[in-house]
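Just so we're on the same page, this note's numbering is the position in the sequence shown counted from 1, plus 1.
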Amino acid sequence: MGTERLLTERIRGLIRPASSSGRHQGAGRTPELGREVYQNSIMAALIDGVYDGDVAVEQLLERGDFGVGTFNHLNGEMLVLDGTCFHLSANGRVETARKEDLSPFSVMVRFAPDEALEVPTPMDRPELTQLIDDRTRGPNLIYSVRVDGNFSEVRTRTVREQSAPYPPLIQASADQAETVFTGLQGTLAGFRTPEYLQGISVAGYHLHFIDELHTRGGHCLDFRILSGTVSICEHTALRIRLPAVGKFLDADLSSPDLGEQIRDVEGR
Ligand SMILES: [Zn+2]
């Protein structure tokens, strides 16, 4: 076990349990390392078609118990919830990922919510995200977000496995499978990321959905929630691991319309 891992283990032991009191109490309470976001590769690389995974699920789960991402060759959506990594496939299947499965892009945290709040009334996506925004300490920190609830509708998409030479994401996602689920219990999990990180990550809300029975889900494009609970956790550190091999090394990561492409493919 390396020094860093030892330190992480030690600090994790110090992290206090979640509290549901007050929006400003989270900051400064938990050591920064416990609030670190671990990200594998950057969104700009995915946009340019860098789909070869080089980090295994097993390694990701050492970095956190909550997160989103995609799999090797863009083969479906990843959702990590309570330490289980789910693989949401374009054919509609949901399976538990194998520990050796690889990911070309993923974002992981240790989810220890600072607060939880009830969804006060049925809300669509803009209303719920506004409710969450109002509970944050402004636009410039990263928040992990979990919403457990009863949804009247959830619209998702799931990217399909690509083969080399890989097309850029804007082309690959034109082929994505879109699904509308109605009347179901489930969980939205993901992040609210500051605008200044667009290209590094996905600015704004990036949420994946899985139903209560863990049989259906995908990257969430839109939803309407009837009732439920929102939990949010503030993050004050970001660690980015860059792929040091393959197509990443000479990928074009500075496309002038990068922001527009990300908004297009992420559906916002
Ligand atoms: Zn996604």
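All C-beta atoms in this analysis are idealised placements derived from N, C-alpha and C, irrespective of residue type, glycine included. Note that the structure is a prediction, hence the values are computed from the model and not measured.
Reference Y167; option with closest CA among V38, R36 and D49: D49
What does the Cβ neighbour count give for E267, buried or exposed, with the cut at 16 atoms within 10 Å? That one is buried.
Give the DSSP-derived three-state secondary structure of R264 in the structure shown. Reduced to three states, the DSSP call for R264 is helix.
Evaluate the contact criterion for the segment 191-204 versus the segment 92-105: three or more CB pairs, one atom per stretch, below 8 Å. At 8 Å Cβ cutoff, the stretches do not touch.
According to DSSP, is G23 helix, strand or coil? Model confidence at G23 stands at a pLDDT of 40, short of 50, so the residue's coordinates are unreliable and nothing is read from them.
Go through the segment 47-114 residue by residue and report every complete run of the beta strand (DSSP E) that reaches 3 residues or more, in order. You should have 67-71, 78-82, 85-89, 95-97 and 106-110.
If you measure from the CB of H207, is any heavy atom of ligand 1 nearer than 7 Å? yes
Is it buried or exposed for A245, if we count other Cβ within 10 angstroms and need 16 for buried? A245 is exposed by the Cβ-count criterion.
L129 versus R147, A113 and L61, residue with shortest Cα-Cα distance: The shortest Cα separation from L129 among R147, A113 and L61 belongs to R147.
Going by DSSP in three states, R136 sits in which element: helix, strand or coil? helix
Taking a contact to mean a Cβ-Cβ separation below 8 Å, would you say S202 touches M44 in this structure? yes
Cβ neighbour criterion (16 or more within 10 Å) applied to G218: With 16 or more other Cβ atoms from the protein chains shown falling within 10 Å of its own Cβ, G218 counts as buried.
Short check: CB of S90 to CB of T159, under 8 Å? It is a contact, given that the beta carbons lie within the stated cut-off.
Could you compute how far the alpha carbon of D265 sits from the alpha carbon of S256? 14 Å
Assigned secondary structure, I226 (DSSP; H/G/I helix, E/B strand, else coil): strand
Out of L239, V81, P32 and H236, state which residue places its alpha-carbon closest to the alpha-carbon of T71. V81
For F224, count neighbouring Cβ atoms within 10 angstroms of its own Cβ and tell me buried if that reaches 16, exposed if not. buried
Relative to ligand 1, is the shortest distance from any of its heavy atoms to the C-beta of E78 smaller than 7 Å? yes
In terms of residues, what are the limits of the beta strand (DSSP E) holding L189? Looking at the DSSP string, the run of the beta strand (DSSP E) that includes L189 is A178 to T194.
With contact counted as at least three CB pairs below 8 Å, one residue from each stretch, are the segment 226-234 and the segment 150-159 in contact? yes
Own chain residues within Cβ distance below 7 Å of G184, not counting five before or after: S153
Ligand 1 heavy atom lying under 7 Å from the CB of V69: yes
At which residues does the alpha helix (DSSP H) containing I171 begin and terminate? L170 to A173
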